[in-house]
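Residue numbers (my numbering), protein chains in the order written: chain A, 1 to 433; chain B, 1001 to 1232.
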């Protein structure tokens, strides 16, 4: 082959390979991730009846990008270009003028099954990086948009953001009525799983995400039940004398750890939910409660007041004499939750001004960071399945509502605000499509 | 002659004055004795002055016997003055001066009228309160717990349920244990005082059943409690 042919082939390869090799990674400088200015151009539809759906999809993407913590989602009111601008007509200069680094464009077309087209452009290069088309029922299209967000975030950062495909369970207390409610992470698709005039408390997911454990006073004693989320079938799991509460699921899907006070005092036990076999984990006069399994099932984070005040501890399930105290500051630390990646334990802490806030204990560095501050009362954190976000209850708007936050605490979003008290949320352990 | 009568008269008058009135001071004595009898009410609370008045009175009576009527009169007047002062003191210091014996008798009568609560089958069970984050029985509540023990020992067939509660602040999970600990501390005390453990049930409602739904110190205090309920 002559040198000229080779040059031509080389030039041709360069031209076509360019888009595949574009460097649009999010910058990492000095150990912190500087935020990437992202413009989400409102999803456009020419059909009036799809206006609400296109608006919901836009808002959903903005919220999801924001929660990942990687992006500074720009205010769409500052945009100069109209949403209906076609992709081959985009003037990238106008986007550079609003400081956008990345641009999302979306188009929604009607039909028996509406069609959603989503694009991502690198503004500086004026190049299309990602394009996807989804055809689904209106309800599923928002989920499709989340898939797009997750794919793009993975492309830019290498991180999977599966929080978008999971559900949250919580208790709502309203005028003497208790309900266990589940919803998508963003507050949509709410379902009342169970409700009663008798007390319902402390919901927690099973390892496979198909059941929820909870405590009920149905038989006038706090007993532990499980409910199948689909069939609503309820099963009595533990009904010893005294408290039967605070289940946490072992990854084996069979065992749980829970609090029982049948032996005269609140202690932790491991219960085989199939055989009913019980193994005692703590043995002292103090209150031992609120267990949370590590992702490998080898340790349990829990609360004990054996030092005089309630603090967070860790016990090893195969060697229950090995107990480690994790918190020393403050006089009131509660409700620990192990992150699914095994790196953190989130908990509620009461500070010296009697404020309740969310804190995170880093297991390897043993450093405690604060997630909420000066935002009224914040309690009972639970990690998302990808360990990226926390769900918790906060009464900053008057009464208890459900909030999401990234681990840093600078991206907080309210996802449920009802008429009653929404409390003790639990994030499902895995992706539920 | 006139000069001699004048001298006699003057001498007589002088002698009369020198030897005082021949009559004892009857009026003054009567007043003094009466005043001193009245002053008896101040005998305890104005003790010093009463004893002083008593001494003066005794002295005055002695002077009468010794026929020192002027001196006696002087003393009787002093006794009256002092006695009046004692009565005045009594009237202006009722807290100090009211006879204690009378008050004691009144209290005893009241106590006798109320029946022994530990023997009352329809006893309104007491509510035991607790400090924030705590479950030990406070000193001021101990008498109530002892009363319940006595009641349980008097009515041997009765079974009670102790319900433990916490105020709304803090962890829902932990509050269930706080409520339970409060109930079991009370149960343990009853057992210590001789009540059979089988007659005492306990249950915790955590923060779920407040008596006062408000969010202030008074409500929270009311809600941190252990209550007794009849099972039979």
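Even for Gly, the Cβ is constructed at its ideal location relative to N, Cα and C. As the structure is a computational prediction, the values presented were derived from the model and not from experiment.
For my contact list, residue i and residue j are in at a C-beta cut-off of 8 Å; report their separation, rounded to the angstrom.
i, j, result
"residue 172/A", "residue 421/A", "7 Å"
"residue 1086/B", "residue 1053/B", "7 Å"
"residue 43/A", "residue 146/A", "The Cβ separation is near 13 Å, so there is no contact."
"residue 409/A", "residue 348/A", "Between residue 348/A and residue 409/A the Cβ distance is about 14 Å, and since that is not below 8 Å, they are no contact."
"residue 251/A", "residue 301/A", "The Cβ separation is near 15 Å, so there is no contact."
"residue 38/A", "residue 104/A", "7 Å"
"residue 1172/B", "residue 423/A", "7 Å"
"residue 1051/B", "residue 1032/B", "In fact, because the Cβ distance is near 16 Å, the residues do not count as touching under 8 Å."
"residue 136/A", "residue 113/A", "6 Å"
"residue 279/A", "residue 269/A", "6 Å"
Confirm, please, whether the CB-CB distance from residue j to residue i is below 8 Å.
i, j, result
"residue 1224/B", "residue 1165/B", "yes"
"residue 1142/B", "residue 245/A", "no"
"residue 1183/B", "residue 1149/B", "no"
"residue 1098/B", "residue 1145/B", "no"
"residue 247/A", "residue 213/A", "yes"
"residue 1035/B", "residue 1079/B", "yes"
"residue 289/A", "residue 1174/B", "yes"
"residue 416/A", "residue 187/A", "yes"
"residue 70/A", "residue 40/A", "no"
"residue 120/A", "residue 98/A", "no"
"residue 346/A", "residue 383/A", "yes"
"residue 1168/B", "residue 1207/B", "yes"
"residue 391/A", "residue 168/A", "yes"
"residue 222/A", "residue 295/A", "no"
"residue 1118/B", "residue 1151/B", "yes"
"residue 350/A", "residue 359/A", "no"
"residue 272/A", "residue 254/A", "yes"
"residue 1069/B", "residue 1024/B", "yes"
"residue 266/A", "residue 1180/B", "yes"
"residue 435/A", "residue 101/A", "This structure leaves residue 435/A out entirely; chain A is present only between 1 and 433."
"residue 204/A", "residue 249/A", "yes"
Check for me: the alpha helix (DSSP H) holding residue i runs from which residue to which?
i, result
"residue 102/A", "Taken as a continuous stretch (DSSP letters only), residue 102/A belongs to no alpha helix (DSSP H), being part of the beta strand (DSSP E) at 102-109."
"residue 150/A", "138-157"
"residue 1031/B", "1026-1038"
"residue 1069/B", "1069-1092"
"residue 1174/B", "1172-1192"
"residue 200/A", "Where residue 200/A is concerned, there is no enclosing alpha helix (DSSP H), although the beta strand (DSSP E) it sits in stretches over 200-205."
"residue 1048/B", "1047-1065"
"residue 65/A", "51-68"
"residue 93/A", "92-97"
For the beta strand (DSSP E) containing residue i, list its first residue and its last residue.
i, result
"residue 215/A", "211-216"
"residue 1228/B", "1225-1230"
"residue 247/A", "244-249"
"residue 1148/B", "First-last for residue 1148/B: 1139-1154, but that is the alpha helix (DSSP H), not the beta strand (DSSP E)."
"residue 425/A", "421-427"
"residue 332/A", "Looking at the DSSP string, residue 332/A is not in any beta strand (DSSP E), and its letter there is neither H nor E."
"residue 47/A", "First-last for residue 47/A: undefined, no H or E at that position."
"residue 414/A", "412-416"
"residue 195/A", "191-196"
"residue 304/A", "299-304"
"residue 133/A", "127-135"
"residue 343/A", "Looking at the DSSP string, residue 343/A is not in any beta strand (DSSP E), and its letter there is neither H nor E."
"residue 1128/B", "1127-1129"
"residue 313/A", "311-316"
"residue 325/A", "319-325"
"residue 270/A", "267-272"
"residue 261/A", "Run containing residue 261/A: none; DSSP gives neither H nor E here."
"residue 183/A", "177-184"
- [ ] Please name the residues in the segment 1204-1229 of chain B whose beta-carbon is closer than 9 Å to at least one beta-carbon of chain A, in chain order.
- [x] Result list: 1204, 1205, 1206, 1208, 1209.
- [ ] Name, going along the chain, the residues of the segment 304-337 of chain A whose beta-carbon falls closer than 9 Å to a beta-carbon of chain B.
- [x] Per Cβ criterion, the list reads 305, 309, 310, 331, 332, 334, 335.
Task: Residue ranges of each beta strand (DSSP E) within the segment 347-404 of chain A, 3 or longer - done: The segment 347-404 of chain A contains these whole beta strand (DSSP E) runs: 356-362, 368-370, 378-383, 389-394.
Open item on the list: Beta carbons nearer than 9 Å to chain A: which residues of the segment 1163-1177 of chain B have them?
Closed with: For the segment 1163-1177 of chain B, which is checked against every Cβ of chain A, the residues closer than 9 Å are 1169, 1170, 1171, 1172, 1173, 1174, 1176, 1177.
Task: Within 9 Å of chain B by C-beta, residues of the segment 245-267 of chain A in sequence order - done: So the list reads 245, 246, 259, 261, 264, 265, 266, given in the order they occur along the chain.
- [ ] Could you name each continuous beta strand (DSSP E) segment of 3 residues or more that falls completely within the segment 1194-1222 of chain B, going from the start of the chain to the end?
- [x] Listed in chain order, the complete beta strand (DSSP E) runs (minimum 3 residues) inside the segment 1194-1222 of chain B are 1200-1204.
Task: chain B contacts made by the segment 220-231 of chain A, where a contact means CB separation under 9 Å - done: Across the segment 220-231 of chain A, CB contacts with chain B closer than 9 Å involve 220, 221, 222, in sequence order along the chain.
TODO: Pull out every residue of the segment 195-212 of chain A whose Cβ sits closer than 9 Å to any Cβ of chain B, in chain order.
DONE: Considering only beta carbons, the part of the segment 195-212 of chain A lying closer than 9 Å to chain B consists of 199, 201, 202, in chain order.
Task: Contact residues within the segment 1180-1203 of chain B, judged by C-beta distance below 7 Å to chain A - done: Going along the segment 1180-1203 of chain B in chain order, one finds 1180, 1181, 1203 with a Cβ nearer than 7 Å to chain A.
Open item on the list: Beta carbons nearer than 8 Å to chain B: which residues of the segment 272-302 of chain A have them?
Closed with: Answer in chain order: 287, 289, 290.
TODO: With 8 Å as the limit, tell me which residues of the segment 414-429 of chain A have their beta carbon closer than that to any beta carbon of chain B; keep them in chain order.
DONE: Of all residues in the segment 414-429 of chain A, 423, 424 have a Cβ within less than 8 Å of some Cβ in chain B.
TODO: May I ask you to list, following chain order, the residues of the segment 343-366 of chain A that have a beta carbon less than 9 Å from some beta carbon of chain B?
DONE: So the list reads 348, 350, 354, 356, given in the order they occur along the chain.
- [ ] Pull out every residue of the segment 395-414 of chain A whose Cβ sits closer than 8 Å to any Cβ of chain B, in chain order.
- [x] Residues of the segment 395-414 of chain A whose Cβ lies closer than 8 Å to any Cβ of chain B: none.
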